[in-house]
Amino acid sequence: MGETKKKRYRARDSADGRYGPKQVSSYKASAFDLAVSLVEVAPALRQTLLTWYGEQGRDLPWRRSRDPYAIWISEIMLQQTQVKTVLPYYQRWLETFPTVAALAKADQQTVLKAWEGLGYYARARNLHKTAQLIVERHGGVFPEDFEDAIALPGIGRTTAGGILSAAYNRPVAILDGNVKRVLARLVALPKPPAKAMNELWQLSEQVLDPQQPRDFNQAIMDLGATLCTRHRPACMLCPWQDHCVAYRQNLQSQIPMTETKAPLPHKQIGVAVIYGDDGRILIDRRKQEGLLGGLWEFPGGKIEPNESFETCVKREIKEELGIDIEVNDRLITVNHAYSHFKVTLNVFNCTHLSGEPKTIECDEVKWVTLDEIDSYPFPKANGQIIDAIKERAQQSS
DNA sequence: CATTCGTGGCG
DNA sequence: TCGCCAAGAAT
1 MGETKKKRYR ARDSADGRYG PKQVSSYKAS AFDLAVSLVE VAPALRQTLL TWYGEQGRDL
61 PWRRSRDPYA IWISEIMLQQ TQVKTVLPYY QRWLETFPTV AALAKADQQT VLKAWEGLGY
121 YARARNLHKT AQLIVERHGG VFPEDFEDAI ALPGIGRTTA GGILSAAYNR PVAILDGNVK
181 RVLARLVALP KPPAKAMNEL WQLSEQVLDP QQPRDFNQAI MDLGATLCTR HRPACMLCPW
241 QDHCVAYRQN LQSQIPMTET KAPLPHKQIG VAVIYGDDGR ILIDRRKQEG LLGGLWEFPG
301 GKIEPNESFE TCVKREIKEE LGIDIEVNDR LITVNHAYSH FKVTLNVFNC THLSGEPKTI
361 ECDEVKWVTL DEIDSYPFPK ANGQIIDAIK ERAQQSS
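Going by the working numbering, the letters in the first sequence line up with residues 1 to 397, in that order.
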């Protein structure tokens with residue numbers, strides 16, 4: 001243990017925000033823990049931040065509400081998702097499911113359809129499940145107790161803190177991407193935030209204003225979102241400039257540090273758009289767990305080494321659905337990047353030859369018309385396929 | 001504790 | 001074009 005491990009982190013280049021030559025920094029894992037505390041300066045930090053927030057805070061729809069349900073929905077939607085993306089979904093969601101009870105009694109397909117395009121679909125499945133749990137356990141009202149809240153599916157430490165502070169003004173710290181970046185700069189954190197979660201949680205708890213936790217948590221997120229941004233932070237406007245170690249040392253552009261990551265693997269997928277005798281198209285619903293769980297798709301699968309697209313598509317359809325098809329012309333090729341890999345969807349028009357489709361590797365199979373297809377929730381990459389199918393149908397009519 | 005989960009926007 | 005990452009959680 002006594003030896004010093006060297007690790008390489010990537011620091012941002014200060015001039016143009018791009019990633020410059022890798023800088024190597026070494027650290028000793030134990031040094032930081034006890035060295036940094038914000039307890040002394042916390043009162044000053046709270047006062048300056050809350051004053052700034054009163055003048056410059058964002059006006060966001062969920063801040064106009066104190067309905068725990070509406071705030072809960074916003075917190076889930078905002079996980080790893082930018083405010084601008086969430087806004088239209090948030091409005092529509094509250095119209096479709098105005099209360100916990102309304103969400104609890106909806107069917108999952110309706111819920112997934114309302115979420116379609118937002119990504120991380122486990123959030124929608126957990127939202128649905130949690131609504132039912134809140135009806136069962138908490139009389140239809142989002143719990144005020146931290147342990148009760150964090151026990152619910154899809155609600156971790158940060159989201160629980162966000163909801164409880166915003167809805168009930170309870171003094172629970174948060175640690176989202178904004179807060180991590182702000183605190184990392186404030187203390188000039190000498191390692192990537194992922195390697196310092198304990199320290200960052202401590203700092204967040206230390207600075208939190210126990211008198212005004214609601215406004216404080218919103219304020220520190222606004223600081224990260226509008227001034228203490230990833231690229232070109234507006235330090236000259238920052239209420240914490242006097243206390244910021246990174247600013248003092250001119251390290252804003254190099255903190256937070258990031259670890260270098262391996263490039264994403266790329267998969268080639270063969271996809272079948274299968275037409276039945278009556279012209280309807282075969283779709284299947286993916287299993288609940290895993291990637292895109294519960295959503296519909298056009299069946300297909302990964303191409304094996306030295307396999308042709310045609311062979312791949314026929315084989316996958318036989319394995320997954322137990323039917324035989326004829327593979328015809330290529331409909332479209334779709335490239336798409338997920339969070340941990342990339343895919344190319346090689347989509348082929350196919351004809352059903354024989355066999356009744358079975359749910360071998362999926363939860364449900366269905367023949368649908370082009371009019372019906374819009375009512376099913378599909379992943380984003382499938383949108384291009386559906387468009388191409390419709391386009392082709394128009395041309396041939 | 002590292003990996004698995006979408007999608008869009010930015011430099 | 002491409003990597004990075006945004007109001008993270010679950011496993």
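By construction, the Cβ of each residue, glycine as well, lies at the ideal position given by its N, Cα and C atoms.
Please read these numbers as outputs of a predicted model, since none were measured by experiment.
> Which residues share a DSSP beta bridge with residue 282?
Replying inline: Per DSSP, the beta-bridge partners of residue 282 are 367.
>> Which of the three DSSP states is assigned to residue 335 in this structure?
In response: Secondary structure of residue 335 (DSSP, three-state): strand.
> Less than 9 Å separating the beta-carbons of residue 297 and residue 379?
Replying inline: In this structure, the beta-carbon distance from residue 297 to residue 379 falls below 9 Å.
>> Quick check: the region 136 to 143 against the region 45 to 65, are at least 3 beta-carbon pairs closer than 8 Å?
In response: No: the two stretches stay apart, fewer than three of their Cβ pairs being nearer than 8 Å.
> In chain order, what residues of the same chain lie with their CB nearer than 7 Å to the CB of residue 241, ignoring the 5 residues before and after it?
Replying inline: The answer, listed in chain order, is 235, 247.
> Below 9 Å between beta carbons: does that hold for residue 313 and residue 365?
Replying inline: Going by C-beta atoms, residue 313 is not nearer than 9 Å to residue 365.
> Under the three-state reduction of DSSP, which class applies to residue 359: helix, strand or coil?
Replying inline: Per DSSP, reduced to three states, the secondary structure at residue 359 is coil, with no helix or strand assignment.
> Given that a residue counts as buried once 16 or more other Cβ atoms are within 10 Å of its Cβ, and exposed if not, what is residue 382?
Replying inline: Here residue 382 is buried, its C-beta having at least 16 other C-beta atoms within 10 Å.
> The alpha helix (DSSP H) spanning residue 183 covers which residue range?
Replying inline: 177 to 186 is the extent of the alpha helix (DSSP H) around residue 183.
> Is DSSP giving residue 234 helix, strand or coil here?
Replying inline: Per DSSP, reduced to three states, the secondary structure at residue 234 is coil, with no helix or strand assignment.
>> For residue 135 and residue 105, I'd like the C-alpha separation in whole angstroms.
In response: Going by the C-alpha atoms only, they are around 10 Å apart.
> Since residue 350 sits in a beta bridge, which residues does DSSP pair it with?
Replying inline: Its beta-bridge partners are 274, 327.
>> Measuring only the C-alpha atoms, how far is residue 108 from residue 340?
In response: Spanning the two alpha carbons is a distance of roughly 26 Å.
> By how many angstroms is the C-alpha of residue 393 removed from the C-alpha of residue 182?
Replying inline: Between residue 182 and residue 393, the C-alpha separation is close to 52 Å.
> In chain order, which beta strand (DSSP E) runs of at least 3 residues are fully inside the region 36 to 66?
Replying inline: Taking only runs of at least 3 residues, no beta strand (DSSP E) segment lies wholly in the region 36 to 66.
> Identify the residues that DSSP records as bridge partners of residue 344: which are they?
Replying inline: Residue 344 has 268, 335 as its beta-bridge partners, per DSSP.
> Considering only C-alpha positions, which residue in the set 255, 352, 267, 202 is nearest to residue 228?
Replying inline: Considering only alpha carbons, the answer is 255.
> When you compare each of 268, 318, 215 to residue 63 by their alpha carbons, which one comes out closest?
Replying inline: Nearest C-alpha to residue 63: 215.
> What residues in its chain sit with their C-beta under 7 Å from that of residue 233, if we drop five residues either side in the sequence?
Replying inline: Here the set comprises 227, 252.
> Any idea what DSSP makes of residue 302, helix, strand or coil?
Replying inline: DSSP places residue 302 in strand when its eight states are reduced to three.
>> Please state the DSSP three-state secondary structure of residue 240.
In response: DSSP, reduced to helix, strand and coil, places residue 240 outside both helices and strands of the structure shown, so it counts as coil.
>> The alpha helix (DSSP H) that contains residue 116, what's its start and end?
In response: No alpha helix (DSSP H) contains residue 116, which DSSP labels as neither H nor E.
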